[in-house]
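Engineer: Per numbering that gives the first Met the number 0, the sequence shown starts with residue 0, numbered consecutively. There's a structure below that I have some questions on.
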Amino acid sequence: MEAKVRPFRSEDARAAAALLYESAGGLYDRYAGSPRLARRALARALERDDTTASPDVVWVAELDGRVAGAMAAMPVDWWAMRSRGFLSVTLRAIPPWRWPAALWLYRTGSR
């Protein structure tokens, strides 16, 4: 079994989104309101630049050529700007009545 860590590629989107979703321990569900909406929001963030889940900051771990892990990693001074980008992109993926809860989680997480 050969393990390798490499930058995210577009063909990794489905597996990486699922792994990032699972790593959050329900936080995305609370943010978006349901697992379906959470996965949709995360998938959109993976498609856009300047979010905390943008392709340029996501890395995947491969085992025998298959994606087995995913993480987002960036310099800490990028976090504030990219978290605002994540908020902007993902709010469009969830219903407006979920926005107050999403904004509360966003503000709580930035403290």
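We treat Cβ as the ideally placed atom computed from N, Cα and C, and that holds for glycine.
I'd like the list of long-range same chain contacts for arginine 185, defined as Cβ closer than 7 Å, with 5 residues on each side in sequence excluded.
Structural biologist: In this structure the chain extends from 0 to 110, so residue 185 is not present and cannot be described.
Engineer: What separation, rounded to the nearest whole angstrom, lies between the Cα atoms of aspartate 49 and serine 82?
Structural biologist: Looking up residue 49 in the sequence shown gives position 50. Looking up residue 82 in the sequence shown gives position 83. Rounded to whole angstroms, aspartate 49 to serine 82 spans 8 Å at the Cα level.
Engineer: Would you mind stating whether methionine 73 and valine 88 have Cβ atoms separated by less than 9 Å?
Structural biologist: Residue mapping note: residue 73 aligns to position 74 of the sequence shown, counting from 1. Residue mapping note: residue 88 aligns to position 89 of the sequence shown, counting from 1. No; because the gap between Cβ atoms is not below 9 Å, this pair is not in contact.
Engineer: What would DSSP say about methionine 80, mapped onto helix, strand or coil?
Structural biologist: Mapped onto the sequence shown, residue 80 falls at position 81. Here methionine 80 sits in helix by DSSP.
Engineer: Applying the 10 Å Cβ sphere with the 16-neighbour rule, what's the burial state of arginine 13?
Structural biologist: As a position in the sequence shown, residue 13 is number 14, starting the count at 1. The residue is exposed, with fewer than 16 neighbouring Cβ atoms inside 10 Å.
Engineer: From this set, Met70, Val66, Gly108, Leu36, which residue's C-alpha is nearest proline 95's C-alpha?
Structural biologist: Residue mapping note: residue 95 aligns to position 96 of the sequence shown, counting from 1. For the residues Met70, Val66, Gly108, Leu36, the minimum Cα distance to proline 95 belongs to Leu36.
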